[in-house]
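Be aware that the sequence shown starts at 13, since it is given in this note's numbering, and climbs by one per residue.
Where a beta carbon is used, it is the ideal one built from N, C-alpha and C, also for glycine.
Just so we're clear, the structure is a prediction, and the values are computed from it rather than from any experiment.
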Amino acid sequence: MDTRTPTTPDRLAAAHASGSLWRPHSICGPACLPDPGQTPRASGPRQLGRLVALVGALLFGGVLLPVLPVLPRSGRQAAGRAWARSVLRAGGIRLDVRGRPPLRRALLVANHVSWLDVVTILAVTPARLLAKHEVRNWPLIGPLAALGGTIFIDRTRPRTLPQTVAEVADVLRADGVVAVFPEGTTWCGVPRATGSCGWAVRFRPAMFQAAVDAAAPVVPVHLGYRIAFPARRRAAGAVRGADTTAAAFLAEESLYTSVRRVLALRGLVVTLTAIDEPWSDGPTDRRRLATAAESAVRATGPTAPPERPAGGVPLELAA
């Protein structure tokens with residue numbers, strides 16, 4: 013990857029001095045959710061059991077807090093993957109991994125649908141995440157994120173962006189993986205016939221500069237959610253193997269509301285697809301990289317509205 017003309021910190025700061033960087037507003041709302049009866053629901057006792065299991069998984073994370081600093085890097089990574097998988101299991105969510113998620117020296121860029129995206133990425137790759145600085149103050153999750161090596165970005169102070177880009181580049185040079193959501197916020201994930209709120213307009217290019225500066229590969233990843241369960245167990249009106257927006261974390265929605273909706277789903281599968289592309293032979297500036305990565309992710313995702321999905325999707329359970 014050509015690094016002869018990297019963008020300087022001053023140019024980055026000036027380009028984003030307007031204050032809108034990384035602060036897009038998702039227009040996805042309740043209208044993006046499936047119609048009543050379209051997705052199957054778990055029974056009341058099962059939902060309660062999942063809630064108890066999820067609390068247990070969070071407590072497990074709390075137990076890890078004092079232990080993580082004394083573990084070697086490989087131990088911290090293994091503990092992080094074990095914790096993330098325990099959260100998915102607690103929620104009754106199956107994981108389907110396709111392609112080869114990066115294990116070293118790569119900028120992982122993914123579409124952003126749900127709070128589950130973070131858990132899914134941590135379950136399959138030793139990535140350090142890029143997160144908004146407010147996450148640092150969240151109970152339990154904030155300390156876990158910090159100890160896990162999360163890089164925090166202050167979206168209210170655009171002039172700090174060059175420092176964050178440099179920090180990400182340093183991690184890449186040190187053979188690490190950094191996971192970034194270039195859309196900047198969550199979207200429902202599936203384009204609808206009545207609008208285009210299924211995804212953001214574009215991938216924001218700022219963090220791709222870190223890959224250019226570190227001469228590191230960019231690995232696009234598509235995250236998708238679907239309902240998959242045996243036909244004999246289908247609820248009335250449900251569609252087998254359908255892409256779903258039910259797992260989305262919608263604008264103006266509380267985390268509690270989203271979690272409760274996810275725990276109530278039956279047959280939820282999250283699919284992580286790592287896209288293999290010859291990036292070393294492709295575009296070498298951040299804007300072209302962002303456009304190419306966005307196109308790869310969009311091409312992997314659904315193109316039809318979710319209201320009446322066509323046919324079933326074969327389940328390839330990887331974990």
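Quick check on residue i: does DSSP put it in helix, strand or coil?
i	result
proline 57	helix
leucine 235	strand
arginine 140	strand
phenylalanine 164	strand
aspartate 255	strand
valine 130	helix
valine 230	strand
proline 52	coil
valine 79	coil
arginine 62	helix
glycine 74	helix
aspartate 47	coil
valine 147	helix
glycine 196	coil
alanine 240	coil
phenylalanine 215	coil
proline 114	coil
alanine 222	helix
glycine 68	helix
alanine 250	A caution first: alanine 250 carries a pLDDT of 48, below 50, which makes its placement in the model too unreliable to give a value.
If you drop the 5 nearest sequence neighbours on each side, which residues of the same chain put their C-beta closer than 7 angstroms to that of residue i?
i	result
alanine 228	Arg117, Ala118, Leu119 and Leu184
proline 81	Leu159
aspartate 187	Arg116 and Arg117
valine 75	none
threonine 198	Ser38, His124, Val125, Ser126, Ala260 and Phe261
Just the Cα atoms here: how many angstroms apart are residue i and residue j?
i	j	result
arginine 93	alanine 43	34 angstroms
alanine 226	valine 130	24 angstroms
aspartate 182	alanine 139	14 angstroms
alanine 222	glycine 61	43 angstroms
threonine 312	arginine 238	14 angstroms
arginine 299	histidine 124	19 angstroms
glycine 55	arginine 278	Just to set this straight, residue 55 is serine in the shown sequence, not glycine. If I take the Cα positions, the gap works out to 9 angstroms.
alanine 96	leucine 128	10 angstroms
proline 148	alanine 157	The question names proline, but residue 148 is arginine in the sequence shown. One C-alpha to the other measures close to 7 angstroms.
glycine 236	alanine 102	19 angstroms
alanine 250	leucine 63	Note that alanine 250 scores 48 on pLDDT, short of 50, meaning its location in the model is unreliable; the coordinates nonetheless yield the value given after this. When rounded, the distance between both Cα atoms is 24 angstroms.
glutamate 306	alanine 90	30 angstroms
glutamine 59	leucine 45	19 angstroms
alanine 263	valine 271	14 angstroms
glycine 73	glutamine 50	34 angstroms
valine 233	cysteine 40	21 angstroms
alanine 178	threonine 285	28 angstroms
threonine 257	threonine 296	34 angstroms
threonine 269	proline 84	37 angstroms
valine 190	proline 48	38 angstroms
threonine 176	proline 217	13 angstroms
leucine 66	alanine 122	25 angstroms
For residue i, report the span of its beta strand (DSSP E) as first-last.
i	result
aspartate 108	106-110
leucine 262	Where leucine 262 is concerned, there is no enclosing beta strand (DSSP E), given that its DSSP letter is neither H nor E.
valine 190	189-192
valine 121	118-122
Less than 6 angstroms between C-beta atoms, sequence neighbours within five positions excluded: which residues of the same chain meet that for residue i?
i	result
threonine 303	none
serine 126	Ala259, Ala260 and Phe261
tryptophan 34	Summary for tryptophan 34: the model assigns pLDDT 48, below 50, so the residue's position carries little reliability, and this model does not support an answer.
proline 314	Val202 and Asp255
Using CA atoms only, rank isn't needed, just tell me which of the options is closest to residue i.
i	options	result
alanine 69	Val99, Pro52 and Gln59	Val99
valine 309	Asp297, Gly104 and Val231	Val231
glycine 104	Ile287, Ile39, Val281 and Val121	Val281
valine 180	Gly73, Leu142 and Leu134	Leu142
phenylalanine 215	Cys200, Val202, Phe193 and Val233	Phe193
leucine 134	Leu107, Gln50, Pro151 and Glu146	Leu107
glycine 154	Thr168, Leu77, Leu83 and Pro113	Leu77
valine 174	Met219, Trp150 and Val202	Note that residue 174 is proline in the sequence shown here, rather than valine. With distances taken between Cα atoms, proline 174 lies closest to Met219.
isoleucine 287	Cys40, Arg112 and Leu71	Arg112
arginine 53	Val274, Pro314 and Thr283	Val274
serine 86	Cys200, Thr137, Thr162 and Ser266	Thr137
isoleucine 163	Glu146, Arg171 and Pro151	Glu146
proline 151	Ala65, Pro57, Thr283 and Leu71	Leu71
cysteine 200	Arg88, Thr172 and Glu265	Glu265
For the alpha helix (DSSP H) that contains residue i, what are its first and last residues?
i	result
leucine 156	153-159
threonine 285	Premise fails: threonine 285 lies in the beta strand (DSSP E), 280-286, not in any alpha helix (DSSP H).
glutamate 306	298-312
tryptophan 95	85-102
aspartate 182	173-185
threonine 269	267-275
Does any CB atom of chain C fall closer than 8 angstroms to the CB of residue i?
i	result
threonine 269	The chain labelled as chain C is not found in the depicted structure, where only one protein chain is given.
Under 7 angstroms: does the beta carbon of residue i sit that close to some heavy atom of the ligand NAD?
i	result
arginine 85	Of the ligands one can find in the structure shown there are none, so the ligand NAD has no counterpart to examine.
Taking 8 angstroms as the limit between beta carbons, can you name the residues of its chain near residue i, skipping five residues before and five after?
i	result
isoleucine 165	Trp34, Leu142, Ala143, Lys144, His145, Thr172, Leu173 and Thr176
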